[in-house]
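Take a look at the structure set out below.
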Amino acid sequence: MMPTHATHLHRECEVFCRYLFGRAPGDYILEKYCQAHERSSEYFSAGAFDHALLSVASRGPAFARLADSYACLFARYSAFRRKLILLFSILESASVRHGFSEDVDGSAQPVLFAKIVFRGVLFALRLALACLLFLPMRLALGASQAATEKGH
Amino acid sequence: MDSVLIVGSGPSAVHFALSLLRKNYRVTMLDVGYPRPPAVNPGDSFVSLKENLSDPVRYFLGEHYEGVVLPNPAREFYGIPPSKDYVLRQPAGFGVNASGFAPFFSFAQGGIAEAWTGGCYPFNAAEIADFPFDFAELERGYAEVAARIGVIGAPDDLARFFPLHENLLAPLDLDAHSAQFMSVYEKRKEWLHRRLRCYVGRTRIATLSRDLAARKKCSYLGRCLWGCPSESFYTPSITLRECMALPNFTYEPGWRVTHFTFDGAQRVTSLVAEPAAGGAPREFVGDRFALAAGALSSTKIYLQSVFRATGERLELHGLMDNRQILMPFVNLRMIGKPYNPESYQYHQLGLGIESDDPKGYVHGQITTLKTAMLHPIAANLPADLRTAAFLVHNMHAALGIVNVNLHDTRREGNFVSLNVDADAKDSRLVINYAPEPGEVHRLRDAISKVRRALLHLGCIVPPGMLHVRPMGASVHYAGTLPMSRAKGRHTTSETCQSHEFPNLFIVDGATFPFLPAKNITFSLMANAVRVASRAF
């Protein structure tokens with residue numbers, strides 16, 4: 001693997017980890033994330049929009065969350081989404097020192113239900129914002145890709 | 001004493017072999033036989049394994065991250081974990097052309113049951129009405145197998161569907177979710193019985209609640225899904241090892257049997273096998289022969305044998321398998337509760353739905369999720385992954401899945417044949433399967449009843465999460481060389497003796513003339529014991 005690619009993957013893993021997990025990944029998680037990219041071709045972007053989605057998401061945790069709000073419904077098979085699922089699987093397979101803790105929220109059930117509803121509302125708002133950003137982008141890139149393919 | 005050659009090392013093969021060995025027959029078992037790798041850190045629990053392994057991600061996700069379940073509409077929620085990859089490893093050159101059927105084959109020591117979930121559900125008298133022998137014969141087989149392997153269960157509401165037999169062990173401790181589910185059922189079961197004819201109880205499982213010979217009772221390590229490191233959970237390779245300890249047994253791994261040869265009197269004279277790693281074939285001779293490689297593999301050997309000797313391309317009709325529906329659910333009362341990973345991981349509860357026709361029984365295995373990976377669930381939720389992570393972690397103790405099974409019948413349109421290449425050197429198994437015309441109604445009815453039952457027990461099935469598995473996914477294959485009282489072509493006697501080849505026995509699911517909505521494995525083992533007892 002090219003060193004620049006490794007640096008790029010480290011940066012990507014760090015952003016996605018902060019988004020998913022709320023903190024930076026340790027060396028073990030970084031190593032596993034990069035290794036998965038070396039050993040599987042599942043995590044490479046295909047197509048202009050796929051690439052653009054990944055570029056936007058890699059800018060920071062807030063962008064990653066916005067992009068994921070869109071991708072979870074409208075780009076479920078994108079490279080970005082596959083990378084997030086890979087990272088999730090790595091975090092849940094690692095020890096609690098490196099990965100997810102199994103602790104539950106700990107609130108009483110009515111409070112927990114209220115939190116779930118609140119998170120649902122926030123998700124809906126993010127989804128609306130994400131659609132405003134990514135739908136036009138998808139249409140534009142889809143049109144330009146179609147034109148490129150036609151030219152070839 | 002006669003020598004007997006057995007093909008395969010799955011549940012039927014090993015119990016057939018053990019019964020014959022105890023009767024002093026000389027038994028040779030031919031098998032590809034990919035072995036199970038040694039257990040990793042056998043004393044560790046699921047949680048301590050993550051802490052103590054230097055590379056837990058490699059163990060749980062695999063060398064090539066094949067354990068990551070990425071979004072794919074055709075893919076199951078869960079596949080076989082990397083630690084059990086050897087179960088589905090196939091020798092080079094093995095291929096199948098299947099239509100309407102997604103078959104699994106195993107060439108592992110112990111066969112596909114090395115990756116089973118341990119369900120031991122005896123068929124009842126009504127379900128074996130088409131079998132040419134009495135229930136009492138099979139009942140003795142169930143008792144014998146239960147004594148050998150260890151089966152837990154309880155005489156509860158499900159006993160109306162699963163006959164009780166001897167040598168049943170006490171059940172294991174219930175995990176918190178299953179215990180809560182059962183307590184609600186006890187309060188509300190009158191309604192379920194009256195309105196849905198639905199009954200819930202403890203499943204019968206091939207695991208140990210007390211020590212059995214060298215095997216220790218379940219110590220709740222929580223590692224069932226990745227392979228029980230203490231062998232409390234039964235797999236057929238345990239019985240294979242027991243056979244290997246006997247002097248009249250010869251195990252020949254590394255051989256893939258392609259066909260048998262027979263003389264003018266239709267007596268089988270030898271088995272021809274190719275080395276799984278490639279090389280020249282070899283003939284193995286004996287007095288009596290048994291195909292016990294699993295219904296499809298045994299059928300392929302049978303088809304090839306007839307084709308090579310006569311040029312006839314047979315079609316063997318009546319292939320069956322259980323249709324399965326996976327219904328994930330959330331138990332509302334368990335949301336926000338902590339979960340205990342150190343508990344038994346497969347299903348501990350089951351549900352049965354009665355039908356006017358006893359053969360129409362619908363069976364469900366209720367598995368509460370504990371140490372199963374969460375990313376396949378999170379990835380399927382209609383929310384960003386951070387929100388999904390919050391949801392699945394707080395709902396972990398509330399998640400479960402019902403694996404609903406439907407029965408199947410032998411039908412002419414479903415057949416197995418061979419596709420032979422021009423020089424007749426290579427052949428592929430061809431499988432054609434179509435569900436019966438009324439299956440959609442049966443599916444809808446079963447889904448509706450299970451959904452209503454779950455709702456009545458305080459559980460909801462999230463929209464869009466239900467999954468009807470393709471035919472072939474349950475790996476309960478049966479019906480291609482059925483037992484029959486009439487001596488029809490390509491059928492077997494009540495002792496699974498071929499009507500065509502008098503010294504050939506078909507000792508696996510191929511001989512079953514009906515497939516109830518139950519895991520077939522326990523009945524395969526019991527039938528193998530029965531055949532060894534009656535015909536030898």
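Residue numbers (the numbering used here), protein chains in the order written: chain F, 1 to 152; chain W, 1 to 536. Built from N, CA and C at the ideal position, the CB exists for glycine as well. Remember, it's a predicted structure, so these values are computed and weren't measured experimentally.
Proximal residues to residue i (C-beta, below 6 Å), its chain only, five neighbours per side dropped
| i | result |
| --- | --- |
| Pro163(W) | Pro122 and Asn124 |
| Tyr70(F) | Ala130 and Phe134 |
| Tyr137(W) | The residue you asked about is not Tyr; residue 137(W) is Glu in the sequence shown. Closer than 6 Å at the Cβ level, and outside the excluded window around Glu137(W), lie Arg530. |
| His8(F) | none |
| Val56(F) | Phe63 and Ala67 |
Within 8 Å, strictly: CB atoms of residue i and residue j
| i | j | result |
| --- | --- | --- |
| Glu587(W) | Gln266(W) | Missing from the structure shown is residue 587(W); chain W here goes from 1 to 536 and no further. |
| Tyr220(W) | Ser343(W) | yes |
| Val145(W) | His15(W) | yes |
| Phe101(W) | Met465(W) | no |
| Thr207(W) | Leu172(W) | yes |
| Leu61(W) | Ser41(F) | no |
| His407(W) | Pro516(W) | yes |
| Pro328(W) | Ile401(W) | yes |
| Ala478(W) | Leu196(W) | no |
| Gln180(W) | Asn52(W) | no |
| Ala154(W) | Gly201(W) | yes |
| Ser474(W) | Gln365(W) | no |
| Asp105(F) | Lys115(F) | yes |
| Ala273(W) | Ser12(W) | no |
| Val538(W) | Tyr59(W) | Absent from the model: residue 538(W). The displayed extent of chain W is 1 to 536, so no value can be given. |
| Asp157(W) | Thr368(W) | no |
| Phe123(F) | Ala147(W) | no |
| Ile205(W) | Cys120(W) | yes |
| Tyr339(W) | His396(W) | yes |
C-beta neighbour in chain F for residue i, strict 8 Å
| i | result |
| --- | --- |
| Thr511(W) | no |
| His467(W) | no |
| Lys50(W) | yes |
| Asp384(W) | yes |
| Ala378(W) | yes |
| Met1(W) | no |
| Gly336(W) | yes |
| Ala143(W) | no |
| Val68(W) | yes |
| His64(W) | yes |
| Val57(W) | yes |
| Glu177(W) | Sequence check: residue 177(W) is His here, not Glu. By this cut-off, His177(W) is not an interface position. |
Buried or exposed (CB count within 10 angstroms, at least 16 for buried), residue i
| i | result |
| --- | --- |
| Glu12(F) | buried |
| Arg489(W) | exposed |
| Pro513(W) | buried |
| Phe161(W) | buried |
| Met182(W) | buried |
| Ala588(W) | Residue 588(W) lies beyond the residue range present for chain W, which begins at 1 and ends at 536; the question has no answer from this structure. |
| Tyr433(W) | buried |
| Val32(W) | buried |
| Met2(F) | Here the model assigns Met2(F) a pLDDT of 47, short of 50, so the residue's position is not dependable, and the following value carries that caveat. Met2(F) comes out exposed. |
| His441(W) | exposed |
Identity of the residues DSSP links to residue i by a beta bridge
| i | result |
| --- | --- |
| Asp27(F) | Asp27(F) is not bridged to any residue. |
| Ile6(W) | Met29(W) and Ala290(W) |
| Thr409(W) | Phe514(W) |
| Gly352(W) | Tyr199(W) and His363(W) |
| Gln497(W) | Phe505(W) |
| Phe415(W) | His317(W) and Asn432(W) |
| Cys459(W) | Asn331(W) |
Beta carbon proximity, residue i to chain W, threshold 8 Å
| i | result |
| --- | --- |
| Val104(F) | yes |
| Ser107(F) | yes |
| Phe134(F) | no |
| Met2(F) | No answer about Met2(F) holds up, because its pLDDT of 47 lies below 50 and its placement is not dependable. |
| Glu92(F) | yes |
| Asp139(F) | What sits at residue 139(F) in the sequence shown is Leu, not Asp. Not closer than 8 Å to any Cβ of chain W, the Cβ of Leu139(F) fails to qualify, so no. |
| Cys13(F) | no |
Neighbourhood of residue i by C-beta distance below 8 Å, restricted to the same chain and skipping five residues each side
| i | result |
| --- | --- |
| Leu316(W) | Thr299, Tyr302, Leu303, Phe415, Val416, Ser417, Thr480, Leu481 and His490 |
| Ala535(W) | Thr495, Cys496, Gln497 and Phe505 |
Contacts around residue i, its chain only, beta-carbon distance under 7 Å, and the 5 residues preceding and following it disregarded
| i | result |
| --- | --- |
| Val529(W) | His15, Ser19, Gly141, Glu144 and Val145 |
| Gly286(W) | Ser3, Val4, Leu5 and Thr28 |
| Ala6(F) | Cys34 |
| Pro61(F) | Val15, Arg18 and Tyr19 |
| Leu158(F) | No information on residue 158(F) is available, as it lies outside the stretch 1 to 152 that chain F covers here. |
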